[in-house]
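Chain order of the listed sequences is G and P. Mind the numbering: the first sequence is residues 52 to 349 in this note's numbering, read in order. Mind the numbering: the second sequence is residues 18 to 630 in this note's numbering, read in order. C-beta: ideal position from N, C-alpha, C; glycine also. Before any comments, here is the structure.
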Amino acid sequence: MEIIKLDHLSKDYGNARGVFDENIEIKKGEMMGFVGTNGSGKTTTIRNLMGFICPTSGKCYVNGLETWKNASKISKMIGYVPGEIAFPDLKTGTDFLKGQAEFLKLKDMSYANELIERLQLDPSANLKRMSKGMKQKTALVAALMNDPEIIILDEPTTGLDPLMRVEFLSIIKEQHKKGKTILMSSHMFEEVEETCDRVAFISDGHIVDVVDIDEIKHRPSRDFKIEFVTKSDYQKFLGQGFNIIRKQEKYNQVTLNIPKLDIGKLFKVLKDYDVKYISEVKYTLEKHFKNAIQSKVK
Amino acid sequence: MFSKALFKQSCKANGWMWGIITFAICFMLACVMCISGSGNVGEVAVGVEDTIIEDEIDAQINKRALSYYGNTTDGLEQFDEFYLVNFNADTETVGSYSAEVDAWLASQPQAGDYTTTAEYVLALDTWKSSFPEPEELVEQAYALSISTWLENVPVVADYTSVEEYQTAVLSWSQQKPTVYEAAAASAYKESVDQLTQYIYVKAEAIDPSYTQDSNEAQEMLGSVMFSLNPQNVFDSAYADCSEAIPADYDVQNIILNDVQGNGEGYISSDERVEYRRDRAANSSAIFLGYNMTKDENVNLMLDALSSYGVTEEKYDSFNYTYVNVNHMASTKIVAYQAELDYEISCIDENYANGEYLDEAAYQQAIAEKSEELSAELTDSLLASLPSDVSDALEEVGKMDLYSIIVGSVYFKMAGLLLPFIYIIMASNNLIAGQVDSGSMAYVLSTSTKRSKVVRTQALYLILSLVAMVLCTTITSIICLNVVTVPLSDLNVSKLILINLGSLFVMFAVSGINFLTSCWFDRSKKSMSIGGGITMFFLVATMLGLFGSKVIPSIVRFDALNYFNYLSIITLFDTISIIDGTNTYIWKFAILLAIGICGYMIGSLRFEKKDLPL
Numbered sequence: 052m053e054i055i056k057l058d059h060l061s062k063d064y065g066n067a068r069g070v071f072d073e074n075i076e077i078k079k080g081e082m083m084g085f086v087g088t089n090g091s092g093k094t095t096t097i098r099n100l101m102g103f104i105c106p107t108s109g110k111c112y113v114n115g116l117e118t119w120k121n122a123s124k125i126s127k128m129i130g131y132v133p134g135e136i137a138f139p140d141l142k143t144g145t146d147f148l149k150g151q152a153e154f155l156k157l158k159d160m161s162y163a164n165e166l167i168e169r170l171q172l173d174p175s176a177n178l179k180r181m182s183k184g185m186k187q188k189t190a191l192v193a194a195l196m197n198d199p200e201i202i203i204l205d206e207p208t209t210g211l212d213p214l215m216r217v218e219f220l221s222i223i224k225e226q227h228k229k230g231k232t233i234l235m236s237s238h239m240f241e242e243v244e245e246t247c248d249r250v251a252f253i254s255d256g257h258i259v260d261v262v263d264i265d266e267i268k269h270r271p272s273r274d275f276k277i278e279f280v281t282k283s284d285y286q287k288f289l290g291q292g293f294n295i296i297r298k299q300e301k302y303n304q305v306t307l308n309i310p311k312l313d314i315g316k317l318f319k320v321l322k323d324y325d326v327k328y329i330s331e332v333k334y335t336l337e338k339h340f341k342n343a344i345q346s347k348v349k
Numbered sequence: 018m019f020s021k022a023l024f025k026q027s028c029k030a031n032g033w034m035w036g037i038i039t040f041a042i043c044f045m046l047a048c049v050m051c052i053s054g055s056g057n058v059g060e061v062a063v064g065v066e067d068t069i070i071e072d073e074i075d076a077q078i079n080k081r082a083l084s085y086y087g088n089t090t091d092g093l094e095q096f097d098e099f100y101l102v103n104f105n106a107d108t109e110t111v112g113s114y115s116a117e118v119d120a121w122l123a124s125q126p127q128a129g130d131y132t133t134t135a136e137y138v139l140a141l142d143t144w145k146s147s148f149p150e151p152e153e154l155v156e157q158a159y160a161l162s163i164s165t166w167l168e169n170v171p172v173v174a175d176y177t178s179v180e181e182y183q184t185a186v187l188s189w190s191q192q193k194p195t196v197y198e199a200a201a202a203s204a205y206k207e208s209v210d211q212l213t214q215y216i217y218v219k220a221e222a223i224d225p226s227y228t229q230d231s232n233e234a235q236e237m238l239g240s241v242m243f244s245l246n247p248q249n250v251f252d253s254a255y256a257d258c259s260e261a262i263p264a265d266y267d268v269q270n271i272i273l274n275d276v277q278g279n280g281e282g283y284i285s286s287d288e289r290v291e292y293r294r295d296r297a298a299n300s301s302a303i304f305l306g307y308n309m310t311k312d313e314n315v316n317l318m319l320d321a322l323s324s325y326g327v328t329e330e331k332y333d334s335f336n337y338t339y340v341n342v343n344h345m346a347s348t349k350i351v352a353y354q355a356e357l358d359y360e361i362s363c364i365d366e367n368y369a370n371g372e373y374l375d376e377a378a379y380q381q382a383i384a385e386k387s388e389e390l391s392a393e394l395t396d397s398l399l400a401s402l403p404s405d406v407s408d409a410l411e412e413v414g415k416m417d418l419y420s421i422i423v424g425s426v427y428f429k430m431a432g433l434l435l436p437f438i439y440i441i442m443a444s445n446n447l448i449a450g451q452v453d454s455g456s457m458a459y460v461l462s463t464s465t466k467r468s469k470v471v472r473t474q475a476l477y478l479i480l481s482l483v484a485m486v487l488c489t490t491i492t493s494i495i496c497l498n499v500v501t502v503p504l505s506d507l508n509v510s511k512l513i514l515i516n517l518g519s520l521f522v523m524f525a526v527s528g529i530n531f532l533t534s535c536w537f538d539r540s541k542k543s544m545s546i547g548g549g550i551t552m553f554f555l556v557a558t559m560l561g562l563f564g565s566k567v568i569p570s571i572v573r574f575d576a577l578n579y580f581n582y583l584s585i586i587t588l589f590d591t592i593s594i595i596d597g598t599n600t601y602i603w604k605f606a607i608l609l610a611i612g613i614c615g616y617m618i619g620s621l622r623f624e625k626k627d628l629p630l
C-alpha cells in the first residue's frame, strides 16, 4: 500500500515556475529517489508533502491524510531534513537537539545519542560555526531522533565531502533496511542510483519518468564497444548479424546491443578476430533519463 | 494552546537583546529622572523667564528714553517760542513803565530847592510815595530792581574825597537796571509757567486720565524741567548722579538775536535746534537713569515684577545701575536721532523732487517715519510676538518642566526608541526571520500546529514587553522617591499610568510589526515595512513635540503639530495623564485595539499562507 501519494499535484507560481500535474505513489518501506536539476521543482514538491504550501490543484497524501490540512498530524510521522540548513537562533547543537526533543515530547534521548555517536558528531559545538557537514549531521539527527516512519531528505548530500557522503548515505540505507519509507531528492544521478529502489525524474516541474533501479541494473541486454586492429576485421564483423547501434569506421569501432544470454555467442565469434579492445558501455540512470527526455521531446 | 518548547526557544534567542535593552532604558530613565530632578530643571524655566523680563525692561527703558527725549526737545522748542513772545511783550510793557519811572526819577526833589531840611525830607517822602505803581509782572520786576538800585545810591559820608564820590555815583548811575533785564527775567518766569500748562494740556491730549496730578503728567513735566533746570532746582539731582550741572538754559542768544530783530529766525535755526537736542539728550538720559535708580521707583518696579518671581536680588543681577541705564538711553537717543536725520534728509530730497503733494503730506511723512523708527528701536521680544506679554510670561513660569521631560520627552520619545528597536528585531526574529532562513521548518516538522506557533510567539513578544515596562515602572518609582522635585505634578500613580501608556504604545507597535512579520516571507521586507512605519511614528512624534501644547506658545511651531496626527504615539496622551483628565483612557483603548488587530490579522495570515521552508 502506498504511504505517500501525489495526486495530480500542481503548484503554479506563474511564469511556468512551480510543479505541474505530479503523480507519484510511494509504497511503505520503499526508498524513492527524486532527481532533477536545480530549480526543477524538487523542493516545491517536498514542501507540498510537508504541508508547508497549499497546492494550486490536486492533492497529496501521507498515510492517507491530505497534507495541507493535516500538516501537524503528518509531520509527526515524518523526519525532515531541509535542503537549506538554517537552525533556530540557539547557541549549540545540544541546545538545538534538546529543543527539538522537547518539541517532539521525546523523553528518551538514547537513540539520538546513538545516532550522534554513529555520525561522530560533536553537538556541543556552536551552531553558527558548524561546518556544512556538521550541520547536515545535526539536521539528520534532529530528523531521525524520534524514529519516524517516513524520512524526507532534500538534497542531503550537497556540499559534503566524498567520505562524508558515503557515511551519510550508509546511515540512510540503514534506515531503509529498518523498513522506513524514504524520499530523497538529489541532483546527482549516481547517488540515487546507488541507494534508491525507485527514482522519479523531474524536469521543469513535470515528472518525466519513474524508473525501477532494478530495471536499469538488470537490463536484459548489454552494450559493448569493440575496436578492431584491421579494417578487414571490422568489415567482416559487420556482416555477423549483431544488433549494431553505432559505427565508427575511422577508428574501426562498433557499438552493439546484445541480449544477456547471447554474450557467450559474441565471445565465440570474436575468438577469430584481432580485437584491439572491448568494453561494456554502462547503461546509467542519467542515460536513461536523457533518452526519456529525448523521446518526450520527439 | 502554547508551545512551551517554542517559548523557551524564543526566550533563549531574544533574551540577551531583551536584557540589554531593558537595562539600557532603565539606566537612561534613572539618569533622566535623577539628573533633571536635581534642581536644574526649574531654573531653565526661570532662565527663559528672566531673559524675557530683562528684554522687556530694556525695551521699556529704550522707549522711555526716546519719549523723554521727544518730549524734552518739543518742550524746549515751545519754551523758546514762549520766551520770544513773552520777551517782546514784556519789553514793550516795561518800556512805557520805565518811561514813567524815568519821569518820576527826574522829578526827584533837589535839596537846593528847599529852604529847610524838614521841608526837603517831606518833599522827598512825598516823591518816594509817588513811585509809579507797577502792575504787570515785568513792571514789578523792573520796579524791584529800580528800588534796589536806588537803595544802593552812594552816600557822601562814605567817601573820603569828592572825586571818589563822583566816580561812585557815575558807576552807580551806569548800573541803572535796563528794561531788558527785567523783561528777560519775567519772560523766563512766564514762559516756564506757560510751558507747564502746555505740558499738562499735552498730557491730557495723550490720555484723558493723565490729569495734572497724575504721575504720567508729572513725569512728562519733570523730563522737560529737568532739562531746563529753572532756578537750578535740579542741581542736587544732577549732583546725586555725579553728573556736571548743566549751564543755565541759554536765553541770552534769543534776546541778542531778538534785539537785532532776528528772534524768530534764530529759534528755528539749525544752531538752536542742535543746542536743544544736545541739551535734551543729555538731560533725558540723566533723568531716566536718575528715575530708574531712585529707591521708590525701584520698589514700584519690584512690586510689579514680583508676580513673575523677580526678587530684589534677581533685579540687582540684571544690573540696571545708573551708569548702565544712562549709557543705554543716550546710545539709543543718539541712534534714534541719527537715523531720523537720515530718514528726514531722504524725505526732504523726495520733497524737493515733488513727491509730496503739499506741506501737510510732507509733515505727515516725517511724523510717520519718526514714529516707525521709535517703534523699531523700542521693540521687545514679546511685543514683536503676537501673544500677550503677561500670558506668555505666566505660561513659562507655570511650566512643569519635570513632567514634560519625564512624560513627553522620555516616555513618549527617547524612552521608546530602544523598545521599538527591540520590537522590530524581536518580532522579525519570531516569525519572518525563521521563515526566511528556513529554521521554522524544524518547528513545524515536529507536529506543532502553525496556530500554536504564532500564538506562542505573540505571547512571548507581549510578555517580554510587559516585563520590560515592569522594570521601567519599578525604576521610575524608585527614582521619583529618590529625587524631590519642587513644583511638579508628577506622583507615583501618574507615573504608573505613564508607564502603562508606554506599554500600550509598545503593544500597538508590536502588533503592527508582528503583522508584517507574519505577512512577509522575507525578513528584509518585514523589517523595512514594520520598522519603517514604527520609526516614522517616532520621528513624527519628535517633530510634533515642537508643535505640541507642552512647548510654551512663544517658541512653539504650530505647523509641526500636524506630525502629531500622523503618529499613533500621539494616542499616548501624557498631558492628559499629568493634568489628571480622563481623555487618555479612550486613546489607550484605540492603542489596545490596534495592537489586537495586528496580532489577530498576523496570526490568521500565518496560518493560511504558503511557507517557503
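Check	Outcome
Could you tell me whether the Cβ atoms of residue 194/G and residue 144/G are closer together than 8 Å?	no
Residue 131/G versus chain P: which residues are under 7 Å apart at the beta carbon?	458 and 462
Which residues in chain P sit within 8 Å of residue 111/G, going by Cβ to Cβ distance?	Per Cβ cutoff of 8 Å: no residues; residue 111/G is ~14 Å from chain P at best.
Let me confirm a value: residue 52/G is counted as buried when at least 16 other C-beta atoms fall within 10 Å, else exposed. Which label applies?	exposed
If you follow the beta strand (DSSP E) that residue 254/G is part of, which residue opens it and which one closes it?	249-254
Does the beta-carbon of residue 36/P have 16 or more other beta-carbons within 10 angstroms, so that it is buried, or is it exposed?	exposed
Let me know if residue 28/P comes out buried or exposed under the rule of 16 or more other beta-carbons within 10 Å of its beta-carbon.	exposed
To be precise: take each residue of the segment 157-175 of chain G, compare its Cβ to all Cβ atoms of chain P, and keep it if any distance is under 7 Å. Which residues remain?	none
Would you kindly work out how many angstroms separate the C-alpha atoms of residue 610/P and residue 438/P, rounded to a whole number?	22 Å
Which residues, in order along the segment 89-108 of chain G, keep a beta-carbon less than 7 Å from a beta-carbon of chain P?	98, 101, 103, 104 and 105
Hey, is the segment 171-178 of chain P in contact with the segment 132-146 of chain P, meaning 3+ C-beta pairs nearer than 8 Å?	no
Pairing CB atoms from the segment 73-93 of chain G with CB atoms from the segment 251-260 of chain G, are three or more of them under 8 Å?	yes
At 7 Å on the CB atoms, spell out the chain P contacts of residue 148/G, in chain order.	Residues of chain P passing the Cβ test: none, with the nearest at roughly 10 Å.
Between the Cα of residue 292/P and those of 577/P, 271/P and 278/P, spot the shortest distance and give me the residue it belongs to.	271/P
Measuring only the C-alpha atoms, how far is residue 313/G from residue 173/G?	55 Å
Are residue 346/P and residue 306/P close, meaning C-beta to C-beta below 8 Å?	yes
From the DSSP secondary-structure annotation, give me the bridge partner or partners of residue 111/G.	57/G
Less than 8 Å between CB atoms is the rule here; does residue 451/P satisfy it with respect to chain G?	yes
Determine, using beta carbons only, whether residue 446/P comes closer than 8 Å to chain G.	yes
Counting Cβ pairs, one atom from each stretch, are 3 or more of them under 8 Å apart for the segment 158-167 of chain P and the segment 180-200 of chain P?	yes
Relative to the C-alpha of residue 543/P, which residue among 507/P, 534/P, 299/P and 551/P is closest?	534/P
What residues match up with residue 62/G in a beta bridge as DSSP calls it?	70/G
From residue 621/P to residue 105/G, what distance separates their C-alpha atoms?	15 Å
Give the residues of chain P in contact with residue 126/G, contact being defined as C-beta atoms less than 9 Å apart.	461, 462, 463, 464 and 465
Using a Cβ-Cβ cut-off of 7 Å (strictly less than) and excluding sequence neighbours within five positions of residue 435/P, which residues of its own chain qualify?	38, 41 and 42
Indicate whether residue 191/G and residue 147/G have their beta-carbon atoms separated by less than 8 Å.	no
Could you check whether the Cβ of residue 71/G sits closer than 8 Å to any Cβ belonging to chain P?	no
Consider the C-beta atom of residue 297/P and the heavy atoms of the ligand ATP; say whether any pair is separated by less than 7 Å.	You won't find the ligand ATP in this model; it holds no ligand whatsoever.
Could one say the Cβ of residue 620/P lies closer than 8 Å to chain G's Cβ atoms, at least one of them?	no
Assuming residue 267/G and residue 248/G are in contact, meaning their beta carbons sit under 8 Å apart, how far apart are those beta carbons, in whole angstroms?	About 11 Å; that fails the 8 Å criterion.
Is residue 29/P close to chain G, meaning its C-beta is less than 8 Å from at least one C-beta of that chain?	yes
Return the residue from the list 536/P, 457/P and 602/P that minimises the CA-CA distance to residue 522/P.	602/P
Using a Cβ-Cβ cutoff of less than 6 Å, which residues in the same chain neighbour residue 207/P once the five nearest sequence positions on both sides are dropped?	103
Leaving out five residues on either side along the sequence, give the residues of the same chain with a beta carbon under 6 Å from the beta carbon of residue 72/G.	59 and 61
Residue 403/P to residue 538/P, Cα distance in whole Å?	At residue 403/P, the pLDDT of 45 sits below 50, so the modelled position is not reliable; the number obtained from the coordinates is stated separately. About 55 Å.
Looking only at C-alpha atoms, which of 597/P, 296/P, 600/P and 421/P sits nearest to residue 243/P?	296/P
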